[in-house]
Amino acid sequence: MCGIVGYIGNRKAVPILIKGLERLEYRGYDSAGLALHQKGEIKVYKKRGKVANLKQMVEDEMNAENNLGIAHTRWATHGEPSDINSHPHASNTGEIVLVHNGIIENYTTLKRMLKERGYTFRSETDTEVICNLIEEIKKEKTSAVEAVKAALSKVTGAYGLAILSKNEPDQLIVARKGSPIVIGIGEKEFFVASDAAPIVEYTKNVIYLDDGDVAVLKRNGTYEVTSINSEIRNPKIQKLELDLEAIEKEGFEHFMLKEIFDQPKAIADSIRGRLNLKDKTITLGGIRDHENSLLKANKIIFVACGTSWHAALTGEYFIEELARIPVEVEYASEFRYRDPIVGKNDVVIAISQSGETADTLAAINIAKEKGALVLGICNVAGSSIARLTDAGIYTHAGHEIGVASTKAFTTQLSVLLLLALKLGCMNKSISKERFEELLSGLGRIEEHIEQVLEEKDKIFELAKSLAGAKDVFYLGRGCGFPTALEGALKLKEISYIHAEGYPAGEMKHGPIALIEKNLPVIFIATEGRILDKVLSNMEEIKARGGRVIAISSKGNDSLRSITEEIIELPKTDEILVPFLATVPLQLLAYQIAVLRGCDVDKPRNLAKSVTVE
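In terms of the numbering used here, the sequence shown opens at residue 3 and continues consecutively.
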C-alpha cells in the first residue's frame with residue numbers, strides 16, 4: 003500500500019529516486035525516505051509528511067555522485083506515522099538497509115527471538131524485524147543475497163523489498179511475495195519500483211517478479227533472478243505499454259478531473275477490437291477458450307473490493323438479465339474467510355483495477371483450490387491477477403493516478419456488458435433485435451459521455467450548494483442502485499462528507515428515519531420500467547423535508563414538480579444508464595472536494611493499490 007523506488011547504474015541516484023516517489027504519490031502515503039550507498043556507508047534520510055519535505059531534506063545530495071539507492075513512501079500499518087517509523091529501516095549495525103511494502107504476520111515471534119539475541123528496535127514497525135533478521139543470518143552466510151533468502155524462508159506474510167548491504171556496494175537486492183515489484187532494464191542500469199510509473203521515463207523494457215522471486219541487480223549491468231530456494235528463474239522481458247503523457251496532468255488541475263474526462267476514450271479503447279458494429283459481433287479473445295464453461299456454469303461468482311465491487315454488482319444485473327446465468331457478487335475480503343460454496347462447475351471472476359488487490363488475490367487462491375475456473379478483469383498487464391487467473395479480459399483505462407477510481411470503473415462496466423451480451427447471444431437468451439439495439443447503444447456511449455461532460459459547469463454550480471452538507475444519500479433501483487453506491491463512495495472518499503447509497507425501495511425500511519429538512523438526496527431516476535416506483539420514493543423524501551436532486555433523462559418533465567435540481571442525461575437504454583449517470587456523480591464529488599479544500603488526488607488514509615489486508 004506504499005511505494006518503492008530503487009536505482010543502480012551510472013546516473014545520479016537522488017533525482018531519480020525523488021522523481022520516482024513523486025510519480026508514486028498517488029498511491030497514498032504518510033511519510034517518505036531514501037537511502038544512499040556511498041563511500042562504504044549507507045546514508046538514510048526520512049521524514050514524516052510529503053515527498054516535498056524529503057526533497058528539501060536531501061537538497062545537498064541532488065547533485066552528488068551517488069548512483070545506488072532505494073526510496074519509499076509509507077502508508078502506516080505497524081506504528082503511527084512518524085520519522086522513526088518511516089522507511090528505510092536499518093539493522094542494528096547498519097549492515098542491512100531496506101524498504102518494504104506489505105505486512106509480516108509473524109513479526110512478533112521473530113522480534114522476540116531477535117531481542118533474546120541482543121537486538122534492539124528503534125521503531126514500532128514489522129519492517130525493522132526483517133532488517134535485523136537478515137543481519138543475524140548474514141553472520142553465518144557468505145553473501146547478503148543468501149542471507150536474504152534464508153531470512154525470507156522464515157517470514158510469513160506479504161512483502162516487496164529493496165535491500166542494500168553496506169559491505170556489498172555493487173548490487174541491489176529485490177524480492178517479492180504478494181506485493182508487486184517491477185524492474186526496468188536500461189543500458190548497464192536498473193530501475194526498481196512498485197509499479198511502472200517511476201520507470202517509464204527511462205526504459206520500456208521491464209521484468210515483473212513473481213511471488214517467491216529474489217533478484218540481484220549488479221552495477222555491471224547483469225542480473226539474476228532465483229527463488230528463495232535458489233532455483234533459477236527466467237522472467238520474460240516485457241515492453242511497457244505506458245506512455246509518459248499518461249502520468250501527466252495535461253493541463254487539468256487534478257489527475258481525477260483529467261481521468262473523468264479520459265472516460266470517453268478509455269471506454270472506446272476497451273471496446274475497440276471487441277465490438278464490431280458493422281458485423282454486429284463481439285469478440286473477447288482473452289476468454290474465447292472458456293466461453294462454453296461460462297455458458298454451462300452453475301453460477302458465476304464475482305469477487306472484488308470497493309469500486310470494483312460496484313462494477314461487479316452492475317455486472318450481475320447485466321449478466322442475469324441478458325444471459326440468464328445466475329450470478330453472485332462477493333466482497334473479496336469476506337469470501338476468503340467464510341468457507342464459500344464453490345464447485346468445479348462454477349466460474350469465479352475477479353475484478354481489480356490494479357490487479358494487485360490483496361483480498362482479491364486471496365479469493366482467487368481459494369477459488370482455485372476448490373477447482374473453479376477463475377477469470378480476471380483488470381487494467382494492468384503483468385499484474386498478479388493477470389498471472390494467477392486461468393484467463394481474462396483487460397480493460398484499457400490507461401494509467402489511473404487519482405486514488406478515487408473513475409475511468410477504471412466505467413471501463414470495467416464496458417467489459418462486463420460486452421461479456422453479458424456475448425453470453426446472451428451465444429445462449430440465445432436475448433433477441434436479435436435487443437442484441438443489436440444494445441450494441442448500437444454501447445457504440446454511442448463515447449458520444450453520450452462527451453455530452454454529459456459538457457454539463458460540467460452546471461454540475462459544478464450545484465456542488466456549491468452541497469459543499470457544506472454533513473450527510474448525503476444516493477438512491478437508485480435496478481442498475482441505478484450500484485451507481486448510487488458508487489456515487490456515495492466517491493463523495494466520502496474525497497470530500498469526507500458522510501454519504502450512503504441505498505436501493506430506493508429500502509429507504510422506508512429504516513434509513514428514512516434520518517431524513518430531515520434540506521438533507522440532500524440524489525436519485526438515479528432515468529426513464530425505464532421502474533421510473534414510477536422511483537418517483538414514489540422521491541415523493542416520500544420530499545414529504546419529509548429532504549432536498550430531492552435527480553439524475554434523469556432529457557425531457558423527463560414528470561420529475562420537475564418533485565425535484566429541486568435535475569442533471570439531465572442523453573436518452574439511452576436503461577441498462578446503459580450506469581455509464582452516463584456515473585459521470586455527473588464523479589464531477590459532483592470532485593468539485594465538492596475542491597470547494598472544501600481537500601486533497602482530491604490523495605485523500606487521507608487511502609491508498610490506490612490495497613496490497614495488505
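Quick reminder that beta carbons are idealized off the backbone N, C-alpha and C, glycines included.
Keep in mind that this is a model prediction, so the values were computed, not measured.
For the set Ile-496, Gly-530 and Met-509, the Cα lying nearest the Cα of Gly-548 is the one of Met-509. Of the other Cβ atoms in all chains shown, 16 or more fall within 10 Å of the Cβ of Ala-149; this residue is therefore buried. Val-417 and Thr-397 have their C-alpha atoms some 7 Å from each other. Within the same chain, and ignoring the five residues on either side of Arg-235 in sequence, the residues whose Cβ sits closer than 8 Å to its Cβ are Asp-212, Asp-215, Val-227, Thr-228 and Ser-229. With contacts defined as CB atoms closer than 8 Å, Ala-352 and Gln-414 fail to qualify as a contacting pair.
Beta-bridge partners of Tyr-9 (DSSP): Gly-71 and Phe-193. Taking 8 Å as the cut-off, the Cβ atoms of Cys-133 and Ala-73 do not count as close.
For Asp-361, no beta strand (DSSP E) run applies; the uninterrupted alpha helix (DSSP H) run containing it begins and ends at 360 to 371, by DSSP. Ala-15 places its beta carbon 8 Å or farther from that of Asn-94.
Remark: three or more beta-carbon pairs, one from each stretch, lie closer than 8 Å, so the region 11 to 26 and the region 191 to 210 are flagged as touching. Judged by DSSP secondary structure, His-312 falls within the alpha helix (DSSP H) whose first and last residues are 308 to 324. Under the criterion of beta carbons closer than 8 Å, Gly-478 and Asp-575 do not qualify as touching, at roughly 16 Å. Per DSSP, reduced to three states, the secondary structure at Ala-160 is coil, with no helix or strand assignment. With fewer than 16 other CB atoms across the displayed protein chains lying within 10 angstroms of its CB, Arg-290 is exposed. Between the region 252 to 265 and the region 301 to 318, the count of C-beta pairs closer than 8 Å stays below three; the two stretches do not touch.
Between Ile-239 and Ile-201, the C-beta gap is not smaller than 8 Å, which leaves the two residues out of contact. A buried status is given to Tyr-161, since no fewer than 16 other beta-carbon atoms sit within 10 Å of its beta-carbon. Judged by their CB atoms, Leu-219 and Leu-279 are not nearer to each other than the 8 Å cut-off. With a cut-off of 8 Å on Cβ pairs, the region 269 to 289 is in contact with the region 385 to 402, counting three or more such pairs. When rounded, the separation of the alpha-carbon atoms in Pro-505 and Leu-597 is 29 Å. In the structure shown, Cys-481 adopts coil according to DSSP, grouped into three states.
From the listed residues Tyr-498, Arg-114 and Arg-446, the smallest Cα separation to Gly-470 is found for Tyr-498.
The beta-carbon separation of Thr-485 and Ala-406, rounded to 15 Å, does not stay under the 8 Å limit for a contact. The C-alpha of Thr-362 is placed about 34 Å away from the C-alpha of Ala-552.
Contact between Asn-294 and Asp-348 is absent: CB atoms are separated by about 14 Å, not below the 8 Å threshold. Taken atom to atom, the span from the alpha-carbon of Thr-205 to that of Lys-556 is near 48 Å.
Comparing alpha-carbon positions, the option among Ile-368, Leu-571, Ile-86 and Gly-317 lying closest to Glu-457 turns out to be Leu-571.
Ile-302 is not a Cβ neighbour of Ile-284, given a cutoff of 8 Å. Exclusion of the five residues before and after Gly-81 leaves Asn-87, Ser-125, Glu-126 and Thr-127 as the residues of its chain whose Cβ lies within less than 8 Å of its Cβ.
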